[in-house]
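Protein chains in written order, with our numbering: chain A, 454 to 549; chain B, 1241 to 1792.
To keep things clear, I will list the structure first and then write my remarks on it.
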C-alpha cells in the first residue's frame, strides 16, 4: 500500500528528520520505499534518504509492503504530518 | 629558502593555548591498505560473520565514545557520533556489503573498502555542504570496520609523556580516542571550523591546522612547540627557546588555575573601574560553559548555526525559541545577538547565490539581509519577541555607513508595528549596535555612534580588511596580526569617537581574548570585553592587574 504526503516541516527530509524517519521505518518488518524528485530510496537507509534531497513543501510517495504495512505506513505518515516536532516552513520567509 | 631544516611553520590557529611536547605521527588517518582476496563458496559464510562481528564491535566502540564525549563535553558534542551509528545499520551501506560478499566472493575488508569509497565519493559530489561533510563520517566508520576486520588496533603506538600529535587530518572519533598524554595537535590539512576543531577547543587542547604538505618532513621524536593562538609551530627549538616555552606554559597553567578560583567575582581594575567581561557564543549548548567561566552576559551571539546544516530558512518561531532560551538563561544580563552574517566563507546550501569573485568583499552580513528583507524580517521579529523575556540587544555586522543603520531601524520599526497589530508583546526599546569590522566603520565611528546605541569592534574581520590579509590563507598567516599598529589606531579612533557621543564601545574577537592586550584596550576607553568563554578567567585577571589612570 502507498500514500502521497507533503513534507511541511522547515528543514525537509534532512539531518534529524531523515534520521527519525529511518528509525521509525526500521521498527517494522515491511519494506519501505520513498519516491521523490523522480528518484526512489530505501526508507530504512539514511544515506538513501539524504541523497533524495527532499525539501519543505515537496510531495513524497511512501510505499510499504509486507506483514505490517498498514501500521508502518500509518506511523510514517503521522511522523511527517507532525512535522517531526518542528515548526512550519513558511513562517521563516519564502525560499524563492 | 632552505626547506630541509625549516624550524618555524605557520598554520591556521584552530584551538587556543600553547604546549610543548614530542612529535608523534598518527598514521591511521590515511585509509588502511586492504588486500583483495577471492573466497570460495564455503568461506562466504565466514566472511559474513566476520563482518557482523566487526560491526558489533565498532558499534560498541562508538557508543562508548559517545557516552564519554557526552560526560566530558556535553550532549551536543556527543551528537556528532549519531551519524556514525546510523551508518552501521544502513541498508545502503552495511546492508549492501552483506549482499556483495556472496555475490562478488571477496573478503570482507575488500568489500568494505569498496563500498566506503563509493559511498563517500557519492556524498562528496552532492551540492549540499551538510551532506558532503557526512562523507567524512562514512570514511571514519569504514576505517574502523576494516581495522576491526584486520584485527589491528592503534594501541601499538607508544605515546611519549607529552605528545604532540601530527596527522594529515583528524576525525572526531580519532580525536576522542587520543590518550591524556596528548598536549597539542598539528595537522597538515584539517579545518578550523570542523568538528575536530570544535572538540579540541572544548577539551582545551591547542591545535594548529593547515600546516601544508611540507610539514611531512617533521619526524617522530622531534620536539614541537605549538601555539594555538597564533598558528605558529616551532620544530626542534634550541635549549633556551624550549626552556623559555616550558616556563611560559607553566606560568600560564598556574595563572589559569588561580584565575579559575575567582572567576565569579567581578573584574575591577586596580584603580577600581568595573569592566564587564562577556562571552562570545555560537550555540545555546554553550550556555553552561559560559556561565561556569564567569561570563557576565553574552557580547556576541552568532546566529549562523540556526541557518547552517539544514535545507531551508529557519522559521521565526524556531528562532524565537532559541533567542528566548538565551535571554532567559542570562536573566537580567545583556545578550547581544548578531543578525545573520552569511557570505564570505559561510554559504547556505539552499540559498540560490550567484558565484562571487571576492566573497569576503561581496554580499555578506547586513548587505545580504538588506537584500532579502523577507529573511531579515523573520529574524528581527523573532528577536523583538524574545526581547520581552530579558535584556536582548541587536548587533549589525559588516556595516560601512550610517545609512545602513537607519535602514535597519526602519525595518525594525515596521516589524514592531506588525507584531503589535497582531497583539504580540514587544518591548518599546531594544538597543541596536553596530559592529565595527570594516575600516570604513572605524573611520566613520563618530557618525555611526549618532545612529547606534553601542559599538562593538570585531577585531578578526577588522584586521583582515585593514591589512588586506585573508585569515584563511595559511601562507600569509604570519601577516595576520590583530595588534598591528594600523588596527590599533583604528580601534583607538573608534573609542575616542564613541566617547565623544557618549556611546559605549565593546570589543569582541580574538584581541579581546588576549590578556596581554587588555591593559591597552582599557586605556583606550573600552569597558566591555567579549570573548570565547575559555579565555574569560585569564582576561579577568589581566583586568585586575591593570591601572587605567596611571601617571606615566
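We treat Cβ as the ideally placed atom computed from N, Cα and C, and that holds for glycine.
Please go through the same chain and pick out, in chain order, the residues whose beta-carbon is closer than 6 Å to the beta-carbon of residue 522/A, but skip the five residues on each side of it. The sequence position of residue 522/A within the first chain is 69, counting from 1. Cβ neighbours of residue 522/A beyond the five flanking positions: 454, 483.
What is the residue span of the alpha helix (DSSP H) that residue 1377/B lies within? Mapped onto the second chain, residue 1377/B falls at position 137. Start and end: 1369 to 1390.
Three-way DSSP call (helix, strand, coil) for residue 1573/B in this model: Translated into positions along the second chain, residue 1573/B becomes position 333. When secondary structure is reduced to three states using DSSP, residue 1573/B falls in the coil class, being assigned neither helix nor strand.
Beta-carbon contacts of residue 530/A that lie in its chain and below 8 Å, excluding the five residues immediately before and after: Within the first chain, numbered from 1, the residue matching residue 530/A stands at position 77. Hits under 8 Å: 456, 458, 515.
Supposed contact pair residue 1723/B and residue 1757/B - C-beta distance, whole angstroms, cut 8 Å: Taking the second chain and counting its residues from 1, one reaches residue 1757/B at position 517. Taking the second chain and counting its residues from 1, one reaches residue 1723/B at position 483. Contact flag correct, Cβ pair sits at about 6 Å.
So, with DSSP's three-state summary, where would you put residue 1783/B? On the second chain, position 543 is the one that residue 1783/B refers to. It is helical.
Is it buried or exposed, residue 1690/B, if we count other Cβ atoms within 10 angstroms and call 16 or more buried? Here the question's residue 1690/B lines up with position 450 in the second chain. Label assigned to residue 1690/B: exposed.
Same chain, Cβ closer than 8 Å to residue 1345/B, five either side skipped, listed in chain order: Reading the second chain from its first residue, position 105 is the one you call residue 1345/B. The answer, listed in chain order, is 1278, 1279, 1280, 1281, 1284.
Partner residues on chain A for residue 1665/B, Cβ-Cβ distance less than 7 Å: Sequence index remark: in the second chain, residue 1665/B carries index 425 (1-based). The premise fails here: residue 1665/B is roughly 18 Å from chain A at the closest Cβ pair, so nothing lies under 7 Å.
Under the rule that 16 or more other beta-carbon atoms within 10 Å means buried, what is residue 481/A, buried or exposed? Counted from its first residue, the first chain places residue 481/A at position 28. Counting Cβ neighbours within 10 Å, residue 481/A comes out buried, since at least 16 surround it.
Neighbourhood of residue 1359/B by C-beta distance below 7 Å, restricted to the same chain and skipping five residues each side: Taking the first residue of the second chain as position 1, residue 1359/B is located at position 119. Correct list, in chain order: 1333, 1378.
Opposing strand residues paired with residue 1278/B [DSSP bridges]: By one-based count along the second chain, residue 1278/B stands at place 38. Its beta-bridge partners are 1346/B.
Take residue 1703/B and list the residues in its own chain whose beta-carbon comes closer than 6 Å to its own, dropping the five residues that flank it on each side. Walking along the second chain from the start, residue 1703/B turns up at place 463. Within the same chain, 1722, 1727 come within 6 Å of residue 1703/B by CB-CB distance, once the 5 residues on both sides are set aside.
How about residue 1558/B: is its C-beta nearer than 8 Å to some C-beta of chain A? Here residue 1558/B is taken as the residue at index 318 of the second chain, counted from 1. Yes - at least one Cβ of chain A is within 8 Å of the one on residue 1558/B.
Compare the C-alpha of residue 1601/B against each of 1556/B, 1612/B, 1586/B and name the closest. Residue 1601/B sits at position 361 when you count from the first residue of the second chain. With distances taken between Cα atoms, residue 1601/B lies closest to 1586/B.
Taking Cβ positions, are residue 1402/B and residue 1262/B nearer each other than 8 Å? Walking along the second chain from the start, residue 1402/B turns up at place 162. Walking along the second chain from the start, residue 1262/B turns up at place 22. Yes, the pair counts as a contact, with Cβ atoms nearer than the cut-off.
Within the 8 Å Cβ cut-off, does residue 1552/B reach chain A? As a working note, residue 1552/B is residue 312 in the second chain. For residue 1552/B, the answer is yes, since a Cβ of chain A falls inside 8 Å of its Cβ.
According to DSSP, what are the bridge partners of residue 457/A? Taking the first chain and counting its residues from 1, the one referred to as residue 457/A is at position 4. 514/A.
Using the rule of at least 16 other Cβ atoms within 10 Å of the residue's Cβ for burial, across every protein chain shown, is residue 512/A buried or exposed? Walking along the first chain from the start, residue 512/A turns up at place 59. The residue is exposed, with fewer than 16 neighbouring Cβ atoms inside 10 Å.
DSSP three-state call for residue 1237/B: helix, strand or coil? Absent from the structure is residue 1237/B, since the part of chain B shown begins at 1241 and ends at 1792.
Skipping 5 residues on each side, what residues in its chain have a beta carbon closer than 6 Å to that of residue 1642/B? Taking the second chain and counting its residues from 1, one reaches residue 1642/B at position 402. The answer, listed in chain order, is 1687, 1688, 1691.
Have a look at residue 1638/B and residue 1682/B and give me their C-alpha separation to the nearest angstrom. In the second chain, residue 1638/B corresponds to position 398, counting from 1. In the second chain, residue 1682/B corresponds to position 442, counting from 1. If you take the alpha carbons of residue 1638/B and residue 1682/B, they lie about 11 Å apart.
Closest to residue 1635/B by C-alpha separation, out of 1301/B, 1557/B, 1581/B, would be which residue? Counted from its first residue, the second chain places residue 1635/B at position 395. When each option's Cα is compared against that of residue 1635/B, the closest is 1581/B.
How many Å lie between residue 1499/B and residue 1533/B at the Cα? Taking the first residue of the second chain as 1, we reach residue 1499/B at position 259. Taking the first residue of the second chain as 1, we reach residue 1533/B at position 293. Each residue's Cα considered, the two are about 10 Å apart.
Distance cutoff 8 Å, beta carbons only. Does residue 1281/B sit that close to anything in chain A? Residue mapping note: residue 1281/B aligns to position 41 of the second chain, counting from 1. No, residue 1281/B does not count as interfacial toward chain A.
Starting from residue 477/A, trace the alpha helix (DSSP H) in both directions and tell me its first and last residue. As a working note, residue 477/A is residue 24 in the first chain. Start and end: 468 to 478.
Please report how far the alpha carbon of residue 1293/B lies from the alpha carbon of residue 1436/B, in whole angstroms. To locate residue 1293/B, count along the second chain from 1; it is residue 53. To locate residue 1436/B, count along the second chain from 1; it is residue 196. The straight-line gap from Cα to Cα measures roughly 28 Å.
With 8 Å set as the bound, which would you pick, yes or no: does the beta-carbon of residue 480/A sit closer than that to a beta-carbon of chain B? Residue 480/A sits at position 27 when you count from the first residue of the first chain. No - not a single Cβ of chain B is within 8 Å of the one on residue 480/A.
Which residues of chain A have a Cβ atom closer than 7 Å to the Cβ of residue 1331/B, listed in chain order? Start at 1 with the first residue of the second chain, and residue 1331/B comes out as number 91. Taking a Cβ-Cβ cut-off of 7 Å, the neighbours of residue 1331/B in chain A comprise 495, 497, 498, given in sequence order.
Can you tell me where the alpha helix (DSSP H) holding residue 1527/B begins and where it ends? Along the second chain, one-based indexing puts residue 1527/B at 287. Unbroken alpha helix (DSSP H) run through residue 1527/B: 1527 to 1532.
Rounded separation between residue 1290/B and residue 469/A - CA only: As a first step, residue 1290/B must be located in the second chain, where it is residue number 50. As a first step, residue 469/A must be located in the first chain, where it is residue number 16. Straight-line Cα distance between these residues: approximately 31 Å.
Thinking C-beta only, is residue 1630/B closer than 8 Å to residue 1571/B? Here the question's residue 1571/B lines up with position 331 in the second chain. Here the question's residue 1630/B lines up with position 390 in the second chain. Against a cut-off of 8 Å, the Cβ pair of residue 1630/B and residue 1571/B comes out as a contact.
On the CB-based measure, 16 or more other CB atoms within 10 Å of its CB, does residue 1593/B come out buried or exposed? The residue labelled residue 1593/B in the question sits at position 353 within the second chain. So residue 1593/B ends up on the exposed side.
Rounded distance between the beta-carbons of residue 1389/B and residue 1361/B, thought under 8 Å: Sequence index remark: in the second chain, residue 1361/B carries index 121 (1-based). Sequence index remark: in the second chain, residue 1389/B carries index 149 (1-based). Not really, about 21 Å apart at Cβ, beyond 8 Å.
Could you tell me which residues DSSP pairs with residue 1253/B in its beta bridges? What you label residue 1253/B is simply residue 13 of the second chain in a count that begins at 1. Note: residue 1253/B sits in a beta bridge opposite 1448/B.
Quick one: what's got a C-beta closer than 7 Å to residue 1567/B's C-beta in the same chain, skipping five residues either side? One-based indexing of the second chain puts residue 1567/B at position 327. Same-chain partners within the cutoff: 1575, 1626, 1629, 1630, 1631, 1632.
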